[in-house]
Amino acid sequence: MRYFKLTSISLALLSCNLLAAAETVTEQQEPSADKAKDYVETIEVIGRFTGKTFSEYSYSATKIAADVLDIPQSISAVTKEVIKDQAMMRLNDISPFISGVNEFSVYNDITIRGFRNSDDRRVNGMRTYNDFWSQSVISHVERVEVIKGPASAIFGDASPGGTVNIVTKKPLAERRNEISARYGSYKDRYVALDTTGPANQGASLLYRFNLGYENSDSFREQIFNESLLASPSITWLANDKTTINLELVYADTKGILDRGQPNVRNASALGVVPINVSVTQPGDKMDTESLTSSLAIDHKLTDGWTAVFNYMHQDYDQKLVEHRIRNYVTGSDSVINLLYVDRDESATVDNFSGYITGLFQLGGISQSLVAGIDYVGRSYHSAQLRANNVGTFDILQPEYRPRDPATYSATADAPWGGDFKSTGYYLQNQMDLGDWSLLLSLRSEHYDIIDTDGFGAKDNALLPRVGVVYRLSPQSSLYATWVTGFEPQDLFANNPQSGGPFDPQDSELKEIGFKTKQFDDKLLLTLSAYEITKTNIILYDEEATQAANDGFDKYRQRGEEQARGFELELNGQLSEQLQLIANYAFNRAKITEDTNAALVGLAKEGAPKHSATLWAKYQLSDRWSTGAGVTYVGERRTFEEALELPSYRLFSAALYYKATDWDAALQVRNITDEVHWTGGYNFGRIFPGDPRSASLTFSYRF
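With mature numbering (1 follows the signal peptide of the UniProt record, and there is no 0) as the guide, the letters of the sequence shown map in order to residues -20 to -1, 1 to 682.
As C-alpha cells, then:
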C-alpha cells in the first residue's frame, strides 16, 4: 500500500520553515493589520473576526462575497462558535442544526431535503475525494455551509438536495493562541491547538496552524477511533492588489469500520439485538490517510475587477480489513455466516478554478459579473481479497475471539478503478434594479468517465439558473429561484457487470423564500418552500450483489423522485442574554417512478417527513451560561419495505464557564437515554445512536 508518511511534527516544521523564509520578503506596500481584516472581497484568504452563530455572507453560493439577504437561494451555516458550544467532532454532527439535514448512516452520509448526499463535499468551494467510510476531526473548520438545492450552475455536478461546503480557518492579523482538551463517555479523549497571527512586523505575512487529535472507544463492541489532523496555513498580503494563501490539511484516521447493527429479518423484532452488538472481529482495522494542499490567489485587476485562481491537490489511501455479514438472519436462527475482506484503495484529485469578478454600471444598472472555468480530475484504484463463509457469529450470543485470516481460502477480485474528468465554463450576472435584483447564470459542463475495464461514459450538460430577490427593507428580502442540476453516475456503476451503463442523474429546483435580520442584525430568520425533482436514480442492490458474489456491486434503476416541503430557521441573539438556534423542516419526499411498481408513491429512504431542533443558551452572569435543547427526527423508511426506523427525541443540556483567558464546558447528550437509530439500510445494517453521554471540555487562550 502506498502511504505518504507525513506526521504533524513534519507539518509543523514545514510551516515554520515557510514562515522563516518569508521573513526575507521585501516589506513594501504592506497593508496594515486593520486593512488585512477587510481584504476579503472574493475569496476567503484570511480569517474573519466574528462571534455570531450564523453567517451573514457567503462566497460559495455566487463565487463573490454576498449578503445572504441578496442570494436567491436558501443557505444555512454552522459556525465555529456553534461547533465549539456543541463540542462537535465530525461533519455529521452539524445535521441537527441545519433544517432538512439528517443522518443516513454513521458514515460521511447524510440526506438534504430527502436526497442522499454522500459524495457532494466541497472544501473552500473545491471538490475533494470524500471518504465515505470515516470522518476525521474538524478542528480546522471555520464554518460548514449547506447550499440548498442543486448548485450545479456554480459547481458542476451536484446533489439535488444541496451541497456541503467546508470553509477552513484562515490566518488572522491579530495574534491568537488556544489549546483545548476534552474527556467524555466511552474514554473519549481529544486535544486541539489553534495558533494564528502576523509572522512579520508589517503584518504582510499571516500564519495559522490547527492541530486536533482524538482517541476514543464506543458503546459499540470492538469499535474505536483514533484521528489526527494537522493544518498549517499561510497568507501573504503581497501588496494592495494581491493576496496569496497556501494551506495543507493532513488527516490520519485509524479505527474499525462499523457495518451497523445486524437484526433478525422481521420488522417486529427491531431492537431484539442489543445496540452494542457489531459483527466486527478482533484484528479488523481501517486506516485512512489523506493529504490535501491548496493554493488561492486573489488579484485586483482594476477598480471593481478581480481575478481569482484556486488549485487543490489531494492524495488519499485506505487499508481495510474486516469481517462482515454474509447472509441475513431469518428469526429461527440467530447465527450468521461471515465474509472476510482485505482491501487497499487509493485516490488522487486535481482541482483547478479560475474566474474573474466585475462590479460595474451598464445602462444605469449595477452589474455583478462572474465568469470562469474549472476542472476536476479524479483517479481511483482498488485491490481486494475476499473469502466467503469464514465462520459464524451469533448476534444474540456474540462471542468476539481472534480469527486467523491466514487460514481462509481468500481469492483476489479483479483490480478495479478508473478516471473521472470534468470541465465547466460558466457566466453569471446579478443586476441591481433598485429594490429588485436579478441573478442569471449559465454553465456548460463536459465530463468523461472510464474504468479499468474500459467501460465508461461521457456527456455534456447545459445548466441554467434564474433567481430574483426583492428587498422589502434593508433588513428583509423575498426571493424566488429556478435551478437545474446533474450528477454523472458513479464510476463503478457504468460497468455492465454492475448493471450499467446508466444515464446521468438530472434534477430541478423551484424555490421561494423570505429572509430577515433583526435585533441589530444579530438574529437571522429564513423561511423557504421548495419542490425538487430528480430523475435517473440508481440504487445499490444488496441481495443481487450477495447472490452473484462475483466481486461486483449490483445496481438497479429508479426513474424519478420528488420532494416538496418547507423549512424554517431562526438563528442568533434574541436578547443580550438569550441565544437561540431553532429549525423545523417538513419534507414530503417520495418515489414517483420505479422499476418496482410497489415502491411508487412510498416515501424516499432515509427522508423523515418532520424534523426539528431547538437549542437555547442563556447568559446567567458575566461568566456563567447554560444551554438546553431537543432534536426530533420522524419515522424513516429503509431500503427494505418492511423496515421502518422509529422517530426519536433527544434532549441535551450544557453548562458553560468563561474567564478572561480560559473557559470550560460540561455537555450531556441524550439525557433520557433513548434508544434510537440515526439511519439504516436494511435488516442487516441499521445504525443505533449514542446512549446518554457526557463530556467536559477545557480551553486556554494565551
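By construction, the Cβ of each residue, glycine as well, lies at the ideal position given by its N, Cα and C atoms. Since we're looking at a predicted model, the values are computed, not measured.
Kindly indicate which residue of the options has the alpha-carbon position closest to the one of residue i.
i           : options                : result
L209        : V329, S478, V171, A67  : V171
T611        : N475, R649, S679       : R649
E158        : L186, N190, D137, V315 : N190
S119        : Q341, Y230, T143       : Y230
N221        : I277, S56, W462, D433  : Before going further, note that residue 221 is Lys rather than Asn in the sequence given. Comparing Cα positions, the closest option is I277.
D431        : T464, E556, P481, G414 : P481
R544        : P140, D530, S211       : P140
Q294        : A633, S273, K149       : S273
T387        : V370, L275, P378, Q377 : V370
D99         : Q202, A527, A138       : A138
residue 722 : T233, D232, S213       : The chain is shown only over -20 to 682; residue 722 falls outside these bounds and no answer can be derived.
A367        : D412, D501, R323, K150 : R323
I336        : V329, N104, L349       : L349
residue 763 : G343, Q341, D47, S402  : Because residue 763 is not part of the residues shown, which for the chain are -20 to 682, the question remains open.
D530        : A363, Q477, D486       : Q477
How big is the Cα-Cα spacing for residue i and residue j?
i           : j    : result
V117        : E194 : 7 Å
L300        : S453 : 56 Å
G664        : R306 : 10 Å
Y165        : S675 : Note that residue 165 is Ser in the sequence shown, not Tyr. Their backbone Cα atoms lie some 6 Å apart in a straight line.
Y661        : D111 : 19 Å
Y598        : I92  : 30 Å
Y87         : V446 : 34 Å
F400        : E523 : 28 Å
L418        : F84  : 36 Å
S314        : V244 : 7 Å
E467        : G182 : 47 Å
T593        : P626 : 17 Å
residue 684 : H590 : Lying outside -20 to 682, the shown extent of the chain, residue 684 is not represented and no answer is given.
L407        : E125 : 23 Å
R423        : A133 : 5 Å
A153        : A218 : 14 Å
D428        : G334 : 21 Å
S40         : G105 : 6 Å
T513        : E488 : 5 Å
R188        : D374 : 51 Å
Q341        : Q347 : 6 Å
L413        : Q557 : 39 Å
M292        : A327 : 14 Å
Using DSSP bridges, identify the partner residues of residue i.
i           : result
G142        : K128
G447        : L419, T461
H426        : T403, N440
residue 710 : Outside the displayed span of the chain (-20 to 682) sits residue 710, for which this structure offers no information.
N82         : T91
V121        : T148
S601        : The partner list for S601 (beta bridge, DSSP) is empty, contrary to what the question assumes.
T372        : N317
V290        : According to the sequence as given, residue 290 is Asn; it is not Val. Its beta-bridge partners are A276, S333.
R681        : E158
M106        : V103
For a test of the three-state rule: what should DSSP assign to residue i, helix, strand or coil?
i           : result
Q477        : helix
F77         : helix
residue 688 : The displayed coordinates of the chain run from -20 to 682. Any statement about residue 688 would go beyond what the structure contains.
V301        : strand
P212        : strand
S160        : strand
Y166        : helix
I51         : coil
I134        : helix
T658        : strand
L676        : strand
Span of the alpha helix (DSSP H) holding residue i?
i    : result
E379 : No alpha helix (DSSP H) contains E379, which DSSP labels as neither H nor E.
K64  : 60 to 65
A527 : 522 to 528
Is residue i close to the ligand PLP? I mean its beta-carbon at under 7 Å from any heavy atom of the ligand.
i   : result
S56 : For the ligand PLP, the structure offers nothing, since it holds no ligand at all.
Tell me which residue opens and which closes the beta strand (DSSP E) that residue i is part of.
i    : result
M411 : 396 to 413
G614 : Here G614 belongs to no beta strand (DSSP E), and DSSP marks it neither H nor E.
S274 : 265 to 282
D322 : 315 to 342
K495 : 485 to 498
P254 : Per DSSP, P254 belongs to no beta strand (DSSP E) and is neither H nor E.
T233 : 222 to 235
R538 : 535 to 553
N567 : 558 to 573
F189 : 185 to 196
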